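Down below is the structure, laid out as structure tokens.
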Amino acid sequence: MYKILAKVLANRLRGVIGSVISDTQSAFIKGRQILDGILVANEIVDEARRSKKELILFKVDFEKAYDSIDFDYLDEVMRNMGFPTLWRKWINECIRTATASVLVNGSPTDEFSLGRGLRQGDPLSPFLFLLAAEGFHVLMESLKVNDLFVGYTVGRSDMTVVSHLQFADDTLILGVKSWANIRSMRAILLLFEALSGLKVNFSKSHLVGVNVAMSWLSEAASMLSCKVGAILFVYLGLPISGNVRRISFWNPLITRIRTRLSGWKLKHLSFGGRLVLLKSVLSSLPVYALSFFKAPSGIVSSIESILNCFFLGGGVRTTGKYLGWIGIPSVVVRRLEVWG
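Just so you know, we're using my numbering here: the sequence shown kicks off at 204 and counts up by one.
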């Protein structure tokens, strides 16, 4: 019964979530994609490097984001957004009446109520988390209005100023180099933690600088109790500000494919089994990166060579004609068709 109710509420919330969540958030909303934030971050870093502007980026790491949302805070956010009382009662019934028990030596303990946190797999949870994360956007906008934080100005016009990007709990703060910005970032993150329950793991967060001296960056990172990151850092699974024409840019992807292959035992797999693994598993690994970056022909050839060698049983070479993206010899293709 709860699954049906949660699905109905999630479908209704899906229709209005885009009108109450800011454009800086690109997760779980129709018409927005994960690549939007990656594109903006890449363009800003490239523009700062070309124009010799000083830019700092703070990649925020939240601890157990879904498990930390405070229920009272979430209800207050929905009230300020204008959600009616009846709707808020339905949501509170869904999230506050959940119970759990712990297995101790194989035996469950007595059930206890949950004071905070959203359940994984619940269709309501992604949208409720967006409502909670929107509070951070409101706080950042308040800082900008009161001139307590200066975002990065794109180009020469003051019309386009970017201060933060969000994809669910993956948050990237962008601003000009200043001690005021560093103090404001720490203060706003601690305030957001006190309000929402989302605790920032400063030891796993990274501060990155563009055209910023390493000595200043190290001192700022010490103030934030975080690490100093390299200019080529990963955001949402893709590298930011890398040269796609260099082989080193694609080395992590090649290494990931080789690592996945190393765990598979070729001698226990038939040609058909290898083909299924290649098409269902390995072909999906480079898709995410190739949907944003254009790979050099040499990288594409390297990936095809790795897949070919795996399909043919290791370092086997053939002079037959290769067909398709996987490079299967025509004689093998005909044999597979015969096998059905």
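Idealized CB from N, CA, C, for every residue including glycine.
As the structure is a prediction and not an experimental result, all values here were calculated from the model.
Under 8 Å between the Cβ atoms of phenylalanine 190 and isoleucine 294? A query on residue 190 cannot be resolved here, the shown segment of the chain reaching from 204 to 543 and no further.
Beta-carbon contacts of threonine 312 that lie in its chain and below 6 Å, excluding the five residues immediately before and after: As a working note, residue 312 is residue 109 in the sequence shown. For threonine 312, where only same-chain residues beyond five positions count, the Cβ hits under 6 Å are Ser304, Val305.
Euclidean distance between Cα positions of leucine 481 and leucine 258: Counting from one through the sequence shown, the residue named residue 481 turns up at place 278. Counting from one through the sequence shown, the residue named residue 258 turns up at place 55. When rounded, the distance between both Cα atoms is 42 Å.
Beta-carbon contacts of glycine 400 that lie in its chain and below 7 Å, excluding the five residues immediately before and after: Sequence index remark: in the sequence shown, residue 400 carries index 197 (1-based). Listed in chain order, the non-local C-beta contacts of glycine 400 below 7 Å within the same chain comprise Ser271, Ile272, Asp273, Tyr276, Arg319, local neighbours out to five positions each way being set aside.
Serine 229 vs isoleucine 220 beta-carbon contact at 8 Å: Your numbering for residue 229 matches position 26 in the sequence shown. Your numbering for residue 220 matches position 17 in the sequence shown. No, the Cβ-Cβ distance between serine 229 and isoleucine 220 is not below 8 Å.
Looking at the secondary structure, which residues open and close the alpha helix (DSSP H) in which glycine 221 lies? Position 18 of the sequence shown, counted from the first residue, corresponds to residue 221. Here the alpha helix (DSSP H) through glycine 221 covers 220 to 223.
Could you give the DSSP three-state label for phenylalanine 315: helix, strand or coil? If you number the sequence shown from 1, residue 315 lands on position 112. Three-state DSSP puts phenylalanine 315 in a strand.
Please identify the residue among Glu266, Pro287, Pro329 whose C-alpha is closest to the C-alpha of lysine 233. Sequence index remark: in the sequence shown, residue 233 carries index 30 (1-based). Ranking Glu266, Pro287, Pro329 by Cα distance to lysine 233 puts Pro329 first.
Could you spell out where the alpha helix (DSSP H) holding aspartate 373 opens and where it closes? The residue labelled residue 373 in the question sits at position 170 within the sequence shown. Run containing aspartate 373: none in the alpha helix (DSSP H); it sits in the beta strand (DSSP E), 373 to 378.
Is the beta carbon of valine 263 closer than 8 Å to that of valine 403? To locate residue 403, count along the sequence shown from 1; it is residue 200. To locate residue 263, count along the sequence shown from 1; it is residue 60. In this structure, valine 403 places its C-beta atom within 8 Å of the C-beta atom of valine 263.
Determine the DSSP secondary structure at lysine 210, reduced to helix, strand or coil. The sequence position of residue 210 within the sequence shown is 7, counting from 1. Of the three classes helix, strand and coil, the one that applies to lysine 210 here is helix, per DSSP.
Check whether the Cβ atoms of leucine 485 and arginine 449 sit closer than 8 Å, and answer yes or no. The count along the sequence shown starts at 1 and reaches residue 485 at position 282. The count along the sequence shown starts at 1 and reaches residue 449 at position 246. Going by C-beta atoms, leucine 485 is not nearer than 8 Å to arginine 449.
Count the C-beta pairs between the segment 381 to 389 and the segment 275 to 289 that are closer than 8 Å, then say yes if the count reaches three, no if not. Taking 8 Å as the limit for Cβ pairs, the verdict is that the segment 275 to 289 does not touch the segment 381 to 389.
Measuring CA to CA, which of Gly358, Val364, Val341 is closest to phenylalanine 395? If you number the sequence shown from 1, residue 395 lands on position 192. Answer by Cα proximity: Val341.
Out of Ser310, Asp278, Leu208, point me to the one whose CA is closest to glycine 338's CA. By 1-based counting over the sequence shown, the position of residue 338 is 135. Here the closest residue by C-alpha is Asp278.
Measure the alpha-carbon distance for asparagine 245 versus serine 310 and round it to whole angstroms. For the purposes of this step, residue 245 is identified with residue 42 of the sequence shown, where counting begins at 1. For the purposes of this step, residue 310 is identified with residue 107 of the sequence shown, where counting begins at 1. Approximately 51 Å between the Cα atoms of the pair.
Within 10 Å of its beta-carbon, does phenylalanine 514 have 16 or more other beta-carbons around it, so buried, or fewer, so exposed? Locating residue 514 in the sequence shown gives position 311, counting from the first residue. Buried, since its Cβ has 16 or more Cβ neighbours within 10 Å.
Could you check what DSSP says for glycine 412 in three-state terms: helix, strand or coil? Within the sequence shown, the letter at position 209 stands for residue 412. When DSSP states are grouped into helix, strand and coil, glycine 412 belongs to the strand group.
Identify every residue that forms a DSSP beta bridge with tyrosine 438. In the sequence shown, counting from the first residue as 1, residue 438 sits at position 235. Note: tyrosine 438 sits in a beta bridge opposite Leu441.
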